[in-house]
Amino acid sequence: MAVHGWVTKVFSTEIRKLVTYRFDFWMQFTVAVFAHVSVAFFLWKAVFDYNNVTVMRGYTFHGLMLYYIMVPMVERMIFGAGLGMVAREIYDGSLTKYLIYPVSFFRYKYAQHVANSLIFIAQLFAALLIFRAIFGMPAESAMNAGSIAMGIAAIFFSGLLCFFINSSIELIAFWADNVWTLLVMVRFCVSLLGGVMIPLAFFPEKWEAVLKYLPFSYLASFPIQCIMGRITLIEWAEGLIITGAWAGVFMIIMSFMWDRGRYRYTGVGI
Amino acid sequence: MIKTNRISKIFRVHVKEPGLYGSVKSLFSRNWIEKNAVHDVTISIGEGEIVGLVGANGAGKTTLVKMLSGIISPSSGSATVLGYNPWDRHNDFRRQIALIMGQKAQLWWDLPAEDCFILLKEIYRIPENTYNENLAYLTETLNVKDQLNIQIRRLSLGERMKMELIAALLHDPRVVFLDEPTIGLDLTAQRSIRRFLLNYRQKNRPAMIVTSHYMEDIEQLCKRIIILRHGSVVYDGELSGVSRGFADHRIISVTFNDDNAAAGLKIPERLGTVMTSSQGIVEIKVRRESIAEAASFILKRKGVNDLTIKEEDIGNIIESIIRES
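Note that the protein sequences, when read in sequence, are chains U and S.
Note that my numbering gives residue 132 to position 132 of the first sequence, counting from 1, and the numbers run on in steps of one.
In my numbering, each residue's number is its place in the second sequence (first place is 1) plus 1000.
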């Protein structure tokens, strides 16, 4: 029986766990969209009205709303639902059960991460369909099957990068019990420098050029731009290469931390 | 099957002064102490053996189990389990062991037990036939067939523990570590789990290490015990040998014709002390070397109907060993 046997089962088990609480599943969707989009709506409406323009940095107000409706969905798909889980497992000793299983801990966790991401595709498509039905697609959007496929591929790469970044940070829990603040800092950096709060097009051009080579924009902005059809094929390929390179760097850091940290594990609580 | 050679584990523990001042102070400077959880332990356990690991809280039982199952690594010394170094966590090693922790649930809280078992079947690469046979045997013996499709979190503590046992034994482990398997369970559930473990051991012959604070677990499951005190082994041998090695007293139980005769029994201090006296039966704790003299003294009293000499309760002996400082 090959590796894919248990990976598939971990994957399907995780999906079953997530849909066990369907009320929570759809509430998360509603609250995330409502909270994010309502703030963006009033803020940007004021900005557009004040400047008396219809297009800013290549975005219409309509296009910006499409961007903001996708942000919480895409961010959730990339970050998964298990942020802080590994650190918590090290802290309270739940890691023990994974150390007993004859499988790779990170493959197990990554299968959970992918399951957590994929289930939110349903929410992303639901959000897009609702937006399209109510408001129609913005004039500047070139969204089509190809751009969506490019976006999904970008989300896959970004999810891998995010998994390695978060794991590297969470493994610090082997040395320092509580790493929640560090995880929040990464989330904050992604929000600010990754295009969650403001699309990167609104940053000064120099900043935008620098941010292109940092990992943050690939954890939010880049996949959204892909889906919206604002990225050329060359830019997409470049983006995937940069994402892959950062993923490689953080994978090495994660492996190093695991090799060192696991000997410090004390398995408290049993 | 399991061998350790002078294995030790030292934990570095942060000590904080109590109160707000202590908390603030610990932000700037911390005091650390080294705790010798396991010290120079050398043991050997063979195939099919079931060994009780006994000791007070903090004696090092669980730390030793954690090292042997590969969860933590030792500070010094070496160990092999099934020929593997446990903390290398080789997959072939992990496929042949099981760890059951009474205080820590390992199954997925939100899933029905059967879903968890199917996942474990894939993780441990259990062939379909073996899985079906084992699941049928384990669920029937533990009488939980009807609970297989209920979410783990909705099961009673006893049922959950039974599911944990099934999950741990589905892959026919050759070494089973049981850390307090009956903790928190009512008497019926405790008995049923003990009965199951005895049957399972007879059928499958794995090596088993059991830690428990319940003497009944140890007495009924284990022929051999290892007593740990402050991380070191103070006894390793037959359970029955504990009395011979450590009990310097025996109990003489005397039955009198009536309560007055019983109440009138006065034992010289040099021979022993009366432990209980009720309904005409007196129990006297006597030093081993004084047994003959004490029995002869008692038999000369009036109204003696019966006299029996027995070993001190093994639980009490073990307790006195593990509490001794």
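The beta-carbon is built from N, C-alpha and C at its ideal position, and this holds for glycine as well.
Note that this is a predicted model, so its numbers are computed, not measured.
* To do: Give every residue of the same chain whose Cβ lies closer than 7 angstroms to the Cβ of U:Y110, excluding the five residues on either side of it in the sequence, and list them in chain order.
  => F163
* **Cβ contact (3+ pairs, closer than 8 angstroms) linking the stretch 63-77 of chain U and the stretch 116-125 of chain U** => yes
* Going straight from the alpha carbon of S:G1303 to that of S:D1258, what length do you get? -> 7 angstroms
* Per-residue contacts from U:V10 into chain S (C-beta, under 9 angstroms) -> L1119, E1122, I1123
* Asked: Under three-state DSSP, which class holds S:A1079?
  -> In the three-state scheme derived from DSSP, where H, G and I count as helix and E and B as strand, S:A1079 is classed as strand.
* Asked: Per DSSP, what kind of secondary structure is U:M143 in: helix, strand or coil?
  -> coil
* Amino acids of chain U, ordered along the chain, whose beta-carbon sits closer than 7 angstroms to that of S:R1094 -> I100, Y101, P102
* For chain U, find out if any of its Cβ atoms is closer than 7 angstroms to the Cβ of S:L1187; answer yes or no. => No, no contact with chain U.
* **Min CB distance U:M1 to chain S below 7 angstroms** => In this predicted model, U:M1 has a pLDDT of only 46, less than 50, meaning its place in the structure is not dependable; the value taken from the coordinates is given anyway. So, interface residue.
* CB contact flag (S:L1221, S:G1060, <7 angstroms) -> Cβ atoms of S:L1221 and S:G1060: not closer than 7 angstroms.
* At what residue ranges does the stretch 1027-1071 of chain S contain a whole run of the alpha helix (DSSP H), taking only runs of 4 or more? -> 1061-1068
* Should U:M1 be labelled buried (16 or more other beta-carbon atoms within 10 Å of its own) or exposed? -> Interpretation of U:M1 is limited by its pLDDT of 46, a score under 50 that renders its predicted location unreliable; no figure is taken from the coordinates.
* Can you give me, in chain order, the residues of the stretch 1168-1185 of chain S that have a beta carbon less than 8 angstroms from any beta carbon in chain U? => Of all residues in the stretch 1168-1185 of chain S, only D1179 come within less than 8 angstroms of chain U when Cβ atoms are compared, listed by chain position.
* **Inter-residue CB distance, U:V71 and U:V196 (contact presumed, cutoff 8 angstroms)** => 6 angstroms
* Report yes if the C-beta distance between S:V1065 and S:F1177 is below 7 angstroms; otherwise report no. => yes
* Nearest to S:S1069 by alpha carbon, out of S:R1094, S:L1170, S:L1169? -> S:R1094
* Please go through the same chain and pick out, in chain order, the residues whose beta-carbon is closer than 6 angstroms to the beta-carbon of U:I172, but skip the five residues on each side of it. => Here the set comprises V179.
* Asked: Who pairs with S:V1176 in a beta bridge, going by DSSP?
  -> Paired residues: S:A1098, S:M1208.
* **Per-residue burial, U:L214 [other beta carbons within 10 Å of its own, 16 or more giving buried]** => exposed
* Asked: U:T30 CB to nearest chain S CB: under 7 angstroms?
  -> no
* Asked: The beta strand (DSSP E) spanning S:D1236 covers which residue range?
  -> 1232-1238
* To do: Determine the chain S residues that contact U:Y263 at a beta-carbon separation under 7 angstroms, and present them in chain order.
  => S1073
* To do: Check the Cβ of U:W6 against every Cβ in chain S and list those closer than 7 angstroms, keeping chain order.
  => E1122, I1123
* Are the C-beta of S:V1091 and some C-beta of chain U separated by less than 7 angstroms? -> First, the amino acid is wrong: residue 1091 of chain S is Asn here, not Val. With 7 angstroms as the cut-off, S:N1091 counts as an interface residue toward chain U.
* For the stretch 1057-1073 of chain S, which residues have a beta carbon sitting closer than 8 angstroms to at least one beta carbon of chain U? -> T1062, K1066, S1069, G1070, I1071, I1072, S1073
* **Exposure of U:F120, with buried meaning 16 or more beta-carbon neighbours within 10 Å** => buried
* Asked: If you draw a straight line from the C-alpha of U:A153 to the C-alpha of U:S12, how long is it?
  -> 21 angstroms
* Asked: In the DSSP assignment, what residue or residues form a beta bridge with S:H1171?
  -> BP columns for S:H1171 are empty, so no partner.
* Asked: Opposite U:I253 in the DSSP bridges: which residues?
  -> In the DSSP output, where bridge partners are listed per residue, U:I253 has none listed.
* Asked: Is U:K206 close to chain S, meaning its C-beta is less than 7 angstroms from at least one C-beta of that chain?
  -> U:K206 does not count as touching chain S.
* Helix, strand or coil: which one does DSSP assign to U:M1? -> With a pLDDT of 46 at U:M1, under the threshold of 50, the modelled position of this residue cannot be trusted; read the value that follows with caution. Three-state DSSP puts U:M1 in coil, outside helix and strand.
* Following the continuous beta strand (DSSP E) through S:H1249, name the residue where it begins and the one where it ends. => Per DSSP, S:H1249 belongs to the beta strand (DSSP E) from 1249-1256.
* Asked: Taking just the CA atoms, how far does S:L1187 sit from S:I1166?
  -> 20 angstroms
* Provide the residue(s) that pair with S:H1014 in DSSP beta bridges, ordered along the chain. => S:W1032
* Asked: Just how far apart, CA to CA, sit U:E238 and U:N144?
  -> 20 angstroms
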